[in-house]
Amino acid sequence: MPYYVYSCPECEIELEERRPMELADMPTVCPICHGFCVREVSRFSIGAGARAQGSPAEPQSAGRVWHGGGCSCCRW
Numbered sequence: 315m316p317y318y319v320y321s322c323p324e325c326e327i328e329l330e331e332r333r334p335m336e337l338a339d340m341p342t343v344c345p346i347c348h349g350f351c352v353r354e355v356s357r358f359s360i361g362a363g364a365r366a367q368g369s370p371a372e373p374q375s376a377g378r379v380w381h382g383g384g385c386s387c388c389r390w
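Residue numbers (the numbering used here): 315 to 390.
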């Protein structure tokens with residue numbers, strides 16, 4: 315089960331909660347004021363580097379990219 319970050323607008327705190335993906339968008343209860351905490355937008359980033367700072371990306375060649383392993387993204 316993944317962890318999600320929630321924030322309480324009253325207490326201005328952030329907390330993490332582990333829950334199933336299908337319940338991720340449901341608010342959780344603040345442990346301090348017992349109000350509702352809303353889910354924050356993820357700050358997760360893969361491969362942050364020069365391109366993430368605004369450099370243009372290299373154009374992709376036409377066609378399908380295969381990286382092996384028989385993963386679901388490569389299946390027809």
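Idealized CB from N, CA, C, for every residue including glycine.
Status (buried if at least 16 other CB within 10 Å, exposed otherwise) for residue i
i           : result
residue 347 : exposed
Straight-line Cα distance separating residue j from residue i
i           : j           : result
residue 351 : residue 340 : 9 angstroms
residue 327 : residue 321 : 6 angstroms
residue 316 : residue 334 : 7 angstroms
residue 336 : residue 318 : 12 angstroms
residue 354 : residue 342 : 12 angstroms
residue 356 : residue 332 : 14 angstroms
residue 349 : residue 338 : 17 angstroms
residue 330 : residue 345 : 12 angstroms
First and last residue of the uninterrupted beta strand (DSSP E) at residue i
i           : result
residue 355 : No beta strand (DSSP E) contains residue 355, which DSSP labels as neither H nor E.
residue 327 : 327-332
residue 322 : 317-322
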